[in-house]
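Enquirer:
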Amino acid sequence: MIQDFLRYLQNEEGMVVVIFGFGIIPLGLFLFLFDALLKAIGLRKFSQTLANLLAFPIALTWIGGFATSMILFASGINPIKSLLIIMGIFIITLLYVALNYNEVCTFMDDKKTSVKNKVKEASVQSKK
Numbered sequence: 276m277i278q279d280f281l282r283y284l285q286n287e288e289g290m291v292v293v294i295f296g297f298g299i300i301p302l303g304l305f306l307f308l309f310d311a312l313l314k315a316i317g318l319r320k321f322s323q324t325l326a327n328l329l330a331f332p333i334a335l336t337w338i339g340g341f342a343t344s345m346i347l348f349a350s351g352i353n354p355i356k357s358l359l360i361i362m363g364i365f366i367i368t369l370l371y372v373a374l375n376y377n378e379v380c381t382f383m384d385d386k387k388t389s390v391k392n393k394v395k396e397a398s399v400q401s402k403k
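Here the working numbering is used: the sequence shown runs in plain steps of one and ends on residue 403.
Given below as structure tokens:
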């Protein structure tokens, strides 16, 4: 099955770009359902940690991977090599987030707090 998929990617070079561009939709749906399942069985804290751990690498790989796959496709690079490059980007980003989890969460919380403060300030100014 995996060999058939890799042969298909080899023959249809543009599919790598399509997979990296639109593959985030089914992945996001799967992760949402998995997150809901974990929360339903009472693992809310684990679910939150897992979401924080996976969200950043997936988003970064999607943005960087789509651009990279388009460049590699336009350059005529083998689609299997493109797939390996994108998998490498994801694994390296996942390792970075796993090893620097507290710093990444602090950075994300600072961004959330600053956005919330800006929204509050804007709503207070609009009421005046």
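No residue lacks a Cβ here, since even glycine has one placed at the ideal position from N, Cα and C. Note that this is a predicted model, so its numbers are computed, not measured.
Under a three-way DSSP split, which group does MET276 fall into?
Expert: MET276 falls in the coil class under three-state DSSP.
Enquirer: Would LEU313 and PHE321 qualify as a contact pair, given that the criterion is a beta-carbon distance under 8 Å?
Expert: Yes.
Enquirer: From ILE360 to LEU347, what distance separates their C-alpha atoms?
Expert: In a straight line, the C-alpha of ILE360 is about 10 Å away from that of LEU347.
Enquirer: First and last residue of the alpha helix (DSSP H) that includes ASN327?
Expert: Element bounds for ASN327: 319 to 350.
Enquirer: Below 8 Å CB to CB, which residues in the same chain sit around MET290 once its five sequence neighbours on both sides are set aside?
Expert: Around MET290: TYR283, LEU284 and PRO354.
Enquirer: In angstroms with no decimal places, state the Cα-to-Cα distance between ILE277 and LEU325.
Expert: Roughly 27 Å separates the two Cα atoms.
Enquirer: Which of the three DSSP states, helix, strand or coil, is assigned to ILE316?
Expert: ILE316: coil per DSSP, three-state reduction.
Enquirer: Quick one: grab the DSSP three-state call for GLY363.
Expert: If DSSP states are grouped into helix, strand and coil, GLY363 belongs with the helices.
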